[in-house]
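Numbering of the sequence shown is given in the working numbering, commencing with residue 47 and proceeding in unit increments. Below: one structure, written as structure tokens.
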Amino acid sequence: MKPVFRISLALFLLSLLAACGQSNLDKLNGAWQCDGKATIVLHPDAVGMGDMGEKMFSAITMKFDVPGKKLIMGLGARTKTEELAVVSDSGKTVVLGGSGSKLSIEFQNDDAILVQDDKDPKKKLILRRVK
């Protein structure tokens, strides 16, 4: 085999191995912010709110501290910390349990998640990773 081909093949295989090693919880760890524009489309009753609704949703933040088993939710300057417990982790979806409710988190891609509370399945948020 030619050296260039071998190097390319080795780099490709390494990238596949690196991607396989990252779990959903590893990907979830860190800060996320609500995408107001994408989220408002999911809420038919909020569509008429226009820019105000978009800004309200955009103020929502979530920080997942997976090793510390904590979720810090924010709305503007107000924050609330909850303990996290993993209920399930399968495919593209992680279900986390907190104080009496469960959050279903589906990965749209590595930088976007769809979050849904089991108490009100109609309420959904699209969050993007804060870089």
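Heads up, the beta-carbon is just placed ideally off N, CA and C, and yes, glycines get one too.
- Counting only residues of its own chain and dropping the five nearest sequence neighbours on each side, Lys83 has a CB closer than 6 Å to the CB of Glu100.
- The DSSP-derived three-state label of Gly96 is helix.
- The residues Phe103, Leu171, Ile172, in chain order, have a CB closer than 6 Å to that of Thr85 in the same chain once the five nearest residues on each side in sequence are set aside.
- For Lys83, the enclosing alpha helix (DSSP H) has its first and last residue at 82-86.
- Less than 8 Å divides the Cβ of Lys115 from the Cβ of Leu130.
- Burial of Met108 is indicated by the presence of at least 16 other C-beta atoms within 10 angstroms of its C-beta.
- In the structure shown, Ser104 adopts helical secondary structure according to DSSP, grouped into three states.
- Taking a contact as a CB-CB distance under 8 Å, the pair Gly144 and Leu121 does not count as one, their CB atoms being some 16 Å apart.
- Residue nearest to Arg124 within the set Ala105, Val132, Val141, Asp81 is Ala105 (criterion: CA-CA distance).
- In the displayed model, Asp72 falls within a helix according to three-state DSSP.
- Residue Ser150 holds the alpha-carbon nearest to the alpha-carbon of Asp164 among Asp135, Ser150, Ser69, Asn70.
- In the three-state scheme derived from DSSP, where H, G and I count as helix and E and B as strand, Asp163 is classed as strand.
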